[in-house]
Every structure is written in structure tokens, then in C-alpha cells.
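Residue numbers (our numbering): 55 to 316. Read through the structure below, which is laid out as C-alpha cells, and then see the notes.
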């Protein structure tokens, strides 16, 4: 028999974007991180080819969990290929954000999810909770994805946080989550729910007291070291799709956390 968690008032729902609001199986993350980000590194960061850029990105991303932060740190360390005159190459986070917004195939790959739209619309209209975004992608990119998915209208500007809003920290650093919670007006982490596909981020959110929902579609498509696990004790609820919100966490429409444990 499933164990029932005690009922708690919920004030804020915090959603990751990539591989959470859309399925990892559509290939958009691979497209964004490798086809686009690595091409940017060739075009703007001095790398000779895509393979060199990808190898470099993977090493730094594993440590820093965000392409923006990874390249920022690499630039600060003088690890990027130098300019032609030998001077240190500087990374411009805003430049990469624009490159993603103009270079990613948003409309070609991302599909509108009618179930997600209906769920967010009804939550916005009838639930006391605030809908929020926290992504390790830059803010301009986040807004472009939300617009493409046709869910931008459900998130107030002040409740959207990209990595550029929390740097020099980012997920899964606890300080990044705390900064976002403070910004959205949530003074009690136990009253916030984090929707995530990343185990590192789920563990970090749970570590500061948040409730957690793991969106797990195909674990094999995640980075080594961040493979999602439904059995992890930091996971409160598991979904195979964000479309299952009403089914799995219908209590949120009442502003409560009253669900059966896994």
C-alpha cells in the first residue's frame, strides 16, 4: 500500500524547461547543445572544428552544468583558444544567448502540447499557486522556448529565471535555488515544487526542502552521471510526461501537496 505524504500548502510551482516541458526524445537538446552551441564555439570562440568544441564543452559542462557558466569559467581561466593576435579570448554570454535564439530550430523540432497548455491555463485561473520558471539556459532562450510551446502567457516576467539571472551560481548549486525562491517571493522551500528531468537538480531541490517531481521519459538519453532514477529517495513523484500533471499531482489545483509516495 502506498504511503501517503502529509498535506502541505503549496505556493509556488517551479518548472525547468529543457526535457521537462518537452520530451527529451524529440532531440532538441542534442540539437541545441551540439549542433548550435558547438557551432557557436567554432564561429565565435576560436575552436577549429565541431569535434574539438564538443570535447571541450563536455569536460566543462560536466563540472559546471550549464554551457553559459562553462564557457564563462573557461574564459576566466584563459582556457579558450586565444585570439589571432595572441590575446586572451573573452566569452560573451549575451552573444551565445542571441545565437541560440536565432540559430535553434525551435518551430521545426518543438511541438505544442495541448495537455500542458490546458493544465497551466487551469492552474493559472483556479489555483492559488504561482507558476515559475528556472532554467540553466539564458533568459532570452527560455522565453523563446516558452513562446514556441505557446505557454509564455502563463509565466509572469518576474517569475522567469534563466542562468543569467542567477550567475555566478547555477543549478544544481543550492544557492541558485535559494536565489530563485527569494526572487519569486517564496520564503519557505517546503511550499514550492520543482519539476525537473535532471537527478542532480532534483537532489539539490530536495536538499533545500522543496517538493520534487521527476519527469523521466528515456533515462538512456541523459548525460552519464545525471541519469534519472524513479527509485531515488529525493524524488517525490515521477511522471513519464509533463502531460500527467493533473493525474499525478491534481492536489496542486487546490494549492496543496497531498500525494501518494512512490
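Where is the CB? At the ideal position from N, CA and C, for every residue including glycine. Predicted, not measured: the structure shown is a model, and the values here were computed from it.
Integer Cβ distance of residue i from residue j, believed to fall under 8 Å
i: residue 218; j: residue 147; result: 6 Å
i: residue 328; j: residue 66; result: Since the first and last residues shown for the chain are 55 and 316, residue 328 lies out of range.
i: residue 213; j: residue 119; result: The Cβ separation is near 22 Å, so there is no contact.
i: residue 174; j: residue 185; result: 6 Å
i: residue 309; j: residue 64; result: 6 Å
i: residue 75; j: residue 177; result: About 14 Å; that fails the 8 Å criterion.
i: residue 204; j: residue 166; result: 5 Å
Secondary structure of residue i, DSSP reduced to three states
i: residue 66; result: strand
i: residue 160; result: helix
i: residue 76; result: coil
i: residue 155; result: helix
i: residue 313; result: coil
i: residue 205; result: coil
i: residue 242; result: coil
Any non-hydrogen atom of the ligand SAM closer than 7 Å to residue i Cβ
i: residue 63; result: Summarising the ligand content, the structure contains no ligands, and the ligand SAM is consequently not present.
Cβ-Cβ distance between residue i and residue j below 8 Å
i: residue 70; j: residue 255; result: yes
i: residue 320; j: residue 101; result: The question about residue 320 has no answer here: the residues shown for the chain are numbered 55 through 316.
i: residue 253; j: residue 286; result: yes
i: residue 107; j: residue 114; result: no
i: residue 232; j: residue 216; result: no
i: residue 99; j: residue 135; result: yes
i: residue 249; j: residue 267; result: yes
i: residue 265; j: residue 292; result: no
i: residue 306; j: residue 180; result: no
i: residue 281; j: residue 78; result: no
Range of the contiguous beta strand (DSSP E) that encloses residue i
i: residue 292; result: 291-293
Opening and closing residue of the alpha helix (DSSP H) in which residue i lies
i: residue 302; result: 299-302
Point to revise | Those runs of the alpha helix (DSSP H) which lie wholly inside the region 162-193 and span at least 4 residues | key: 168-180
Exercise for review: Go through the region 251-285 residue by residue and report every complete run of the beta strand (DSSP E) that reaches 3 residues or more, in order.
Suggested key: 265-269
Exercise for review: Could I get the ranges of all uninterrupted alpha helix (DSSP H) runs contained in the region 79-149, with 4 residues as the minimum, in chain order?
Suggested key: 91-98, 104-118 and 121-130
Check your understanding: In chain order, which continuous runs of the beta strand (DSSP E) of length 3 or greater are located wholly inside the region 210-235?
Key -> none
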